[in-house]
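Chains as they are written, first to last, in this note's numbering: chain A, 1 to 271; chain B, 272 to 687.
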């Protein structure tokens, strides 16, 4: 839902980032307002996942230039946990298995960390169980998964459902879902997409990072961005995703080559 | 208290002679054993770092501790009430732990004749009767808790000890008759400088089962020397789970002998070290016949400048065909200055056996930490959850009374 007067939740300006010595993001610009659903598409290696990890504060990535503000505040100076508490959520492409940590306890500790930030009271074990059982319905998840260790032995689909369950509990304002559709069969995709649709509202925003149109058949984006070589090359409406589906990414390579040629020309040549 | 395990040690064993001289004269049911032990200590040098088995664990540190014999019992900590079918005994090295108690059906004290016959039998069979820590216990222990679990009986026992600012020698002898079952929870606590010396031996007749959970929570200026010797007849099963944390120096030596093979042994160990603490487990499993099984997992968490040592010996002689043994050492290294030394020591002569072993040393996984942090859990709490998860695999094997005397939070606090 596009409302030009809706408050800006996330503002990314000229963002550059590297992992180890490799520059990956080379000037990303993106404005996300409340109520919007953005899809970020692009080939492997285009920087989509790096963007999501930089926004969540993964320690392996270093921001070398640019800025990210979240509701007007500098997001980049915050620790990952602070970002999560104020409402930035990253749904992992590969949710991490943590043997020995109970899923239920993990969800409770995380939910209470977010609630404390929101000024809500901490939920005790019983109150939390009520809440979690209600939210399980968002992703049609079996309560038995609460008793297991975090993601341990979960199938691909179960892990992604667990991610959306966490999103349902943490009530984020900006949810970044990194290839949430990867490794899902048709039914699991429908359930996960249904969960995301249920949670999207006029006050929050969703950033879907995906390769495929099929997720966007189930979740209609307001904007589609195409990333290549560490920046957003083109932005359009949902029809851009359909165009990508039909034409592939070859035209992206051509546009990118033209852009890079323009940038590597010397000032004398330009003159 | 001037005693400290971190203080520089004096000459290795100069303290031993005067210390032996000041011990009260041998007395009581163990007088003869005391005499032999003292003679051995006077003749046998203190183990030094030149010996492979003591390469990393320096016993000269003991000289810094108050080692006079405990003359009165240390006050007991507040423990959760014992479960109704669990017999809780206080082993304090002074009083008779059985005084005024009605023992449950199937549990009897050994007679003097049985004691004379059985005491030291398993220590000798497992080859440790002359080990220095055993001689130290022999030289000082004035009592032995000697019990028999009758054939087909099922008994749940809990032994609780608190170390005073002194030497606390604990001596236990258990005889499990055919098909007897014993759940033994043992809690050793130290909250001040001193030394806890434990020697426990148990003999399991055919088809007997022993589930032993040892929880030892120490003090940075306290030392623990523990020897657990178990002898298994065929078709018996032993599950020994030991957890130690917080000791300036802890050395545990579980030694198992499957007399004729065909028995099941499960060993689970967890040791936590921080600051300048040392925890050292030397396990030794010997198969005396075919078709024996061993399942061993040893875990360690080393923080600060702590040092964890694990040496897992498994002996499979020619007679032990079709042995199936697996040993795994998993270690979590939480600081640049902590040390892990882990070594499997498999001696396999039989040719038709399965013997697996492995060791891993790692720090907390960045991806796991980040995953938790990305859900609003702060870095310290995330590290705590992961540490606890690492320990949980062993902790959940403890029998309930041992586990409830050892709340996880307390354990992790000790090992902070």
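All C-beta atoms, glycine included, are put in the ideal place defined by N, C-alpha and C.
Spatial neighbours of residue i in its chain, beta-carbon cut-off 7 Å, leaving aside the 5 residues before and after
| i | result |
| --- | --- |
| residue 128(A) | 108 and 111 |
| residue 301(A) | Within the shown structure, residues of chain A are numbered from 1 to 271, placing residue 301(A) beyond reach of any answer. |
| residue 422(B) | 448, 449, 450 and 451 |
| residue 29(A) | 12, 13, 14 and 232 |
| residue 65(A) | 14 and 16 |
| residue 291(B) | 309, 312 and 313 |
C-alpha gap between residue i and residue j, whole angstroms
| i | j | result |
| --- | --- | --- |
| residue 188(A) | residue 136(A) | 14 Å |
| residue 668(B) | residue 34(A) | 50 Å |
| residue 525(B) | residue 552(B) | 8 Å |
| residue 15(A) | residue 58(A) | 15 Å |
| residue 326(B) | residue 497(B) | 17 Å |
| residue 330(B) | residue 494(B) | 10 Å |
| residue 694(B) | residue 405(B) | For residue 694(B) there is no data in the structure shown, the boundaries of chain B being 272 and 687. |
| residue 227(A) | residue 98(A) | 32 Å |
| residue 413(B) | residue 121(A) | 57 Å |
| residue 660(B) | residue 601(B) | 13 Å |
| residue 656(B) | residue 666(B) | 14 Å |
| residue 263(B) | residue 407(B) | Only positions 272 to 687 of chain B appear in the structure, and residue 263(B) is not among them; the question remains open. |
| residue 372(B) | residue 420(B) | 16 Å |
| residue 453(B) | residue 193(A) | 54 Å |
| residue 200(A) | residue 251(A) | 32 Å |
| residue 489(B) | residue 519(B) | 8 Å |
| residue 491(B) | residue 467(B) | 13 Å |
| residue 138(A) | residue 113(A) | 21 Å |
| residue 298(B) | residue 395(B) | 23 Å |
| residue 7(A) | residue 241(A) | 26 Å |
| residue 26(A) | residue 197(A) | 31 Å |
| residue 615(B) | residue 583(B) | 5 Å |
| residue 219(A) | residue 455(B) | 59 Å |
| residue 417(B) | residue 676(B) | 23 Å |
| residue 627(B) | residue 425(B) | 33 Å |
| residue 370(B) | residue 351(B) | 22 Å |
Expected contact under 8 Å - CB spacing of residue i and residue j to nearest Å
| i | j | result |
| --- | --- | --- |
| residue 459(B) | residue 432(B) | 5 Å |
| residue 69(A) | residue 117(A) | Not quite, the Cβ-Cβ distance comes to about 18 Å (not below 8 Å), so this is no contact. |
| residue 39(A) | residue 221(A) | 4 Å |
| residue 52(A) | residue 181(A) | The pair is not a contact, with the Cβ atoms about 14 Å apart (cut-off 8 Å). |
| residue 572(B) | residue 605(B) | 7 Å |
| residue 472(B) | residue 510(B) | Wrong, their Cβ atoms sit about 17 Å apart, outside the cutoff. |
| residue 474(B) | residue 537(B) | About 18 Å; that fails the 8 Å criterion. |
| residue 32(A) | residue 207(A) | 7 Å |
| residue 88(A) | residue 55(A) | 7 Å |
| residue 345(B) | residue 434(B) | 6 Å |
| residue 317(B) | residue 287(B) | 7 Å |
| residue 530(B) | residue 560(B) | 7 Å |
| residue 598(B) | residue 564(B) | The Cβ separation is near 12 Å, so there is no contact. |
Residues near residue i by beta carbon distance below 6 Å, same chain, minus five either side
| i | result |
| --- | --- |
| residue 272(B) | Unreliable placement is indicated for residue 272(B), whose pLDDT of 40 sits below 50; the coordinate value is still reported in the next sentence. 464, listed in sequence order. |
| residue 159(A) | 95 and 151 |
| residue 540(B) | 513, 552 and 569 |
| residue 281(B) | Any reading at residue 281(B) is ruled out, since the residue's pLDDT is 43, under 50, leaving its predicted position unreliable. |
| residue 608(B) | 576 |
| residue 624(B) | 587 and 594 |
| residue 634(B) | 604 |
| residue 630(B) | 600 and 613 |
| residue 204(A) | 173 |
Sequence-distant residues of the same chain with beta carbon closer than 8 Å to residue i, five excluded per side
| i | result |
| --- | --- |
| residue 353(B) | 359, 429 and 672 |
| residue 279(B) | In this prediction, residue 279(B) scores a pLDDT of 45, lower than 50, which makes its location untrustworthy; the coordinate-derived value is nonetheless stated afterwards. Closer than 8 Å at the Cβ level, and outside the excluded window around residue 279(B), lies no residue. |
| residue 141(A) | 158, 161, 162 and 165 |
| residue 415(B) | 300, 301, 386, 390, 442, 443 and 444 |
| residue 184(A) | 156, 157, 160 and 192 |
| residue 101(A) | 149 and 150 |
| residue 85(A) | 113, 114, 116 and 117 |
Cutoff 8 Å: residue i Cβ touching any chain E Cβ
| i | result |
| --- | --- |
| residue 154(A) | Looking for chain E here will not work: the only protein chains present are A and B. |
Listed from N- to C-terminal order along the chain, which residues in the region 628–662 of chain B have their beta-carbon within a distance smaller than 9 Å of any beta-carbon of chain A? So the close ones are 636, 637, 638, 639, 640, 641, 642, 643, 644, 645, 646, 647, 648, 649, 650, 652, 653, 656, 657, 659, 660, 661 and 662.
Counting pairs of beta carbons, one from the region 324–341 of chain B and one from the region 375–394 of chain B, are three or more of them closer than 8 Å? With contact defined as three or more Cβ pairs closer than 8 Å, the region 324–341 of chain B and the region 375–394 of chain B are not in contact.
Residues of the region 160–171 of chain A whose Cβ lies closer than 8 Å to any Cβ of chain B, in chain order: Those would be 166 and 170, in chain order.
Three or more C-beta pairs below 8 Å linking the region 247–261 of chain A and the region 296–303 of chain B: Look at the beta carbons and you see the region 247–261 of chain A not touching the region 296–303 of chain B: under three pairs across the two are nearer than 8 Å.
At a cut of 8 Å, does the region 556–566 of chain B reach the region 638–650 of chain B through at least three beta carbon pairs? Counting C-beta pairs with one atom in each stretch, the region 556–566 of chain B and the region 638–650 of chain B have fewer than three that are closer than 8 Å, which means they do not touch.
So does the region 609–629 of chain B actually touch the region 61–81 of chain A, counting three or more Cβ pairs closer than 8 Å? By the criterion of at least three beta-carbon pairs nearer than 8 Å, the region 609–629 of chain B is not in contact with the region 61–81 of chain A.
Please list, in chain order, the residues of the region 125–145 of chain A that have any C-beta partner in chain B closer than 7 Å. Close to chain B, meaning a Cβ-Cβ distance shorter than 7 Å, is no residue of the region 125–145 of chain A at all.
Select from the region 70–84 of chain A all residues with a C-beta closer than 9 Å to any C-beta belonging to chain B, and list them in chain order. Listed by position, the residues of the region 70–84 of chain A near chain B (Cβ gap below 9 Å) are 79, 80, 81, 82, 83 and 84.
What residues from the region 92–103 of chain A come within 8 Å of chain B, judged by C-beta to C-beta, listed N to C? With the criterion set as a beta carbon lying under 8 Å from some beta carbon of chain B, the members of the region 92–103 of chain A are 92, 95, 96, 98, 99, 100 and 101, in sequence order.
Which residues, in order along the region 47–68 of chain A, keep a beta-carbon less than 9 Å from a beta-carbon of chain B? Within the region 47–68 of chain A, the residues whose Cβ lies closer than 9 Å to some Cβ of chain B are 53, 56, 57, 58, 59 and 60, listed in chain order.
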